[in-house]
Amino acid sequence: MKQILFAATLLIAHCGFSQHVLELLEEQHPAAGKVEDFSWMAGSWSCAIWDGVAEEYWMVPQSNSMAGMFRFSADDSLRFLEIFTLEQTGRSVTLKLKHFDAGLQGWEEQDDCVSFVLVYQEPNRAYFDGMTYILRDPDHLDVFVLMDHGDGTQEELHFPYFRISR
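Set out below in C-alpha cells:
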C-alpha cells in the first residue's frame with residue numbers, strides 16, 4: 008500500500024511537467040532495484056521518428072549490468088549514436104549514456120556521461136529521473152525522455168518502439 012501511495016504522489020506531483028516521465032525530488036532517494044529486474048528491456052527495437060528511424064538495442068543482464076546502443080538515421084545517413092549501460096549502484100540501478108555524432112566524436116566530455124537514477128519501478132515499467140521505459144506487450148516498448156531545451160523549457164519525447172528481434 009505504501010508503494011502505491013508513493014507512486015501516486017510522484018505521478019500527481021509531476022503531471023504538470025510530463026505525463027510519463029518522473030524526476031527524482033531533492034529529498035528523495037533512488038528506488039531499490041537490481042539489474043536483473045530490467046531483463047524485459049533486452050532485445051532490438053525500432054520506430055519511425057523525426058523523419059527518420061530510431062533503433063535501440065539492449066543486451067541481456069550479465070555481471071550486474073546491461074549494455075546497449077541507440078542509433079538515429081535519416082535520409083540514408085547516420086545522424087547520431089548513444090552507448091549506454093544499466094549498472095548496479097548500491098541498492099539501486101543507474102542508466103548511464105554517452106552521445107556520439109556520426110564520426111564518433113563524443114558530445115559529452117571524455118570522462119562525463121548523462122546519468123538517470125531509478126525513481127520507481129514495477130513489472131515491465133522503469134521510471135528513471137528523466138526517462139521512462141514501458142513494455143506495453145512483448146513486442147511494443149514505449150520510451151519517454153524529458154528533453155531539456157536549455158532555455159528553461161522541457162519537452163517529453165516519445166519513442167513508440169516495436170520489436171525487431173529478441
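Position in the sequence shown (from 1) plus 7 gives the number in my numbering.
Positions of the beta carbon are idealized from the N, C-alpha and C atoms, including for glycine.
- Rounded to the nearest angstrom, the Cβ distance from residue 123 to residue 113 is 18 angstroms, too far for a contact under 8 angstroms.
- Per DSSP, the beta-bridge partners of residue 55 are 60.
- In the structure shown, residue 136 adopts extended strand secondary structure according to DSSP, grouped into three states.
- Below 8 angstroms, enough C-beta pairs join the region 98-117 and the region 27-41 to call them touching: three or more.
- Annotation for residue 124: the continuous beta strand (DSSP E) segment containing it runs 121-129.
- When the Cα atoms are used, residue 86 and residue 56 turn out to be separated by approximately 13 angstroms.
- Setting aside the 5 residues that flank it on each side, residue 42 is surrounded in the same chain by 68, 71, 72, 73, 93, 94, 95, 100, each with a C-beta closer than 8 angstroms to its C-beta; the list follows chain order.
- Linking residue 166 to residue 107 through their CA atoms gives a straight-line distance of about 19 angstroms.
- Rounded to whole angstroms, the separation of the alpha carbons of residue 169 and residue 143 is 10 angstroms.
- Comparing alpha carbon positions, the residue from 119, 147, 79, 127 closest to residue 172 is 147.
- A straight line joining the alpha-carbon of residue 58 with that of residue 84 spans about 12 angstroms.
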